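Residue numbers (full-length UniProt numbering): 1 to 702.
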């Protein structure tokens, strides 16, 4: 997506020839990684970097060069460029991401996370790049979503002095400033530092909506011995969002409960219309401490990583009562208000050893490890209070919620597991990738004051859950591979059978096959994949025993995709993809069976971005993007409230003043297409896509 705020750029040596090669020496997790539009390796599918063409699953990488060229600012903007990923606006500040019918999970430098929807994430400025694996990733994370994992690779201390900064200004008072500085402290380069900061202050196209975000990050890496490296980082982010938009409502019933010809339809009000009060406010502060130690033992690496994250959060807001909409005649709605304050917490440890060994004349690789992850929440709430009807034009007259909290709760989710992955090469052209994980999982909750305090009770618990993964990669040539794989993941359930036992976990299973290739001496990557997955053991009501459940529900996902990234011509950078996904209930209730499962996932999705900087034009460059999809119903009503097929175009023009200075202007939604990025219910989540907007950026480096 173009026209979004700019990220500070790490400044490394650049040439005046091909822009796609200008940052090939970025340091990521202690090894030098290619940062072009056609990266050669990724770590999301293993514990050490592996060539993309030898990973038997669908993996996409958004590198730092792509982030900067495309003016990507948030994780959502970055994954929106990835094949098959749909970004779902949520509460105005924290979106969901979906692939292959399900949400995507997170990992941080390979450390699995159990964070869920609506939990704040850091600005993209602190990350070097991100990797997205689509499909189940249970081998290294244990429980989670069958959709896949976003692996975020943080910036590290630099072994060369580098300084960069950026200023951006755009539509709706959108202002941003950033810096990125780092380098060695001692002459030998044993101690390397990095400091990054960003301040972003902006309004939005919706009236009243405003966000101010301050992000700060520092990292150090120290070579304790020639074979031992320790690293640490501190990340901080403070966000205040005033009246964040949660999507326009739709028309509901009349105040007397009767239907109207407009009932269930979009309001179709101007895109800047805001139906929420000015006093709505979300405040979130995120602090993360992370560290690691890496010991080289011959050709083997032993790594221990850990992180701790605290997110104090508070919000007070009013919104239209769930299940209701706007009266089509009086243009009033039933509002509720609420207040919450608490903390999301996360602590994780990931330890592993990986390295090669020789057997039968071939070199193979083995990774073995252990991970532990804990997620906690502790919140006090003032429950939703029904306020009566107010005009949607006069939301500021809605009263604030009272200061006293009325309920409280805490949760404690922990999981741990041991895993192993073997890359076995029976011949020089064939690689077998096989592994498994044994996991333990416990989710507990309790009430706290002002609710009557209780002890923790266990909701879901699993012991010794086995998660396999197996694949094969055949080199048809040195640069073209054919692959096939099976992977799965589990998701614990809490519903009870008639005999009083808890249902077995849901299991997301995927079979995938495809081709991958690298061409033009590594300047161009291409892949094609076909996949079929099932989400099994889904809970269905036991009709013979009311109040109990049976685990017979099943969802089927199938489709195919193509992706091309890289530089097919000198000066031309390209990212293009097409995804076809069909989701359906294979076994469910009578109403479900055979119906579409994920109404938010378009059947067809295509993404295209091209950036051209021909040598003949000196420093001039231009880019164009096109994101399109087939229609979706989502939370709407077929034929009444849905988004028809839509395509949105972006553009960019710029000039490289010198090797160290660039200026450019980006235009998002060039043709000012009116569309819904998400279709929701009659009370919320009908999100308009951004109208046409402009961003001017100046980026300098040294």
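Even for Gly, the Cβ is constructed at its ideal location relative to N, Cα and C.
All values derive from a computational prediction rather than experimental measurement.
Closest by C-alpha distance to residue 590, when choosing among 540, 581, 612, 634:
540
What residues are listed by DSSP as bridge partners for residue 412?
376, 444
Reducing DSSP to helix, strand and coil, say where residue 398 ends up.
coil
Using the C-alpha atoms, what's the distance from residue 214 back to residue 177?
10 Å
Measuring alpha carbon to alpha carbon, tell me which of 368, 145, 524, 508 ends up nearest residue 556.
508
Which of helix, strand or coil DSSP assigns to residue 55:
coil
Other residues of its chain near residue 780: CB distance less than 7 Å, five sequence neighbours each side excluded
Beyond the ends of the chain as shown, which are 1 and 702, falls residue 780; an answer cannot be given.
One or two residues paired with residue 300 in a DSSP bridge:
297
So, for residue 673: in the same chain, excluding its five sequence neighbours on each side, which residues have a beta-carbon less than 6 Å away from its beta-carbon?
648
Going by C-alpha to C-alpha distance, which of 317, 640, 395 sits closest to residue 383?
317
If distances are taken between C-alpha atoms only, which option among 223, 91, 414, 313 comes closest to residue 159?
223
Same chain only: Cβ atoms within 6 Å of residue 102, ignoring 5 sequence neighbours per side
Cβ within range, chain order: 145, 146, 147.
For residue 65, which three-state DSSP category applies?
Residue 65 falls in the helix class under three-state DSSP.
Kindly indicate the opening and closing residues of the beta strand (DSSP E) around residue 530.
Membership of residue 530 in the beta strand (DSSP E) is indicated by the continuous run 524-541.
Cβ shell of residue 395 (< 6 Å), same chain only, five flanking positions each side left out:
Excluding residues within five positions, the ones whose Cβ falls inside 6 Å are 275, 276, 277.
Going by DSSP, name the residue or residues bridged to residue 419.
DSSP lists 369, 437 as partners of residue 419.
Going by DSSP, what residue range makes up the alpha helix (DSSP H) through residue 139?
Unbroken alpha helix (DSSP H) run through residue 139: 138-141.
What is the DSSP secondary structure of residue 126, reduced to helix, strand or coil?
In this structure, residue 126 counts as helix in the three-state DSSP scheme.
Mind pulling the beta strand (DSSP E) runs of 3 or more residues that sit fully within the segment 128-182?
148-154, 162-170
Distance cut-off 7 Å: residue 98 Cβ against heavy atoms of the ligand HEM:
Among the components of this structure there are no ligands whatsoever, and the ligand HEM is therefore not found.
Using the Cβ count rule (16 or more neighbours within 10 Å means buried), how would you classify residue 492?
buried
Counting only the same chain and skipping the five closest in sequence on each side, list residues whose C-beta sits under 8 Å from that of residue 702.
11, 162, 163, 164, 660
Whole angstroms are fine: how far does the CA of residue 638 sit from the CA of residue 75?
Pairing residue 75 with residue 638, the inter-Cα distance amounts to about 31 Å.
So for residue 75, helix, strand or coil by DSSP?
helix
Applying the 10 Å Cβ sphere with the 16-neighbour rule, what's the burial state of residue 654?
buried
Answer with buried or exposed for residue 70, where buried requires no fewer than 16 other C-beta atoms within 10 angstroms of its C-beta.
buried
Considering only their Cβ atoms, is the gap separating residue 445 from residue 415 smaller than 8 Å?
no
With 16 other CB atoms within 10 Å as the buried threshold, where does residue 494 fall?
exposed
Among the residues of its own chain, which have a CB less than 6 Å from the CB of residue 296, if the five just before and after it don't count?
Apart from the 5 residues on each side of it in sequence, residue 296 sits with its Cβ closer than 6 Å to the Cβ of 227 in its chain, given in chain order.
Counting pairs of beta carbons, one from the segment 314-330 and one from the segment 289-306, are three or more of them closer than 8 Å?
no
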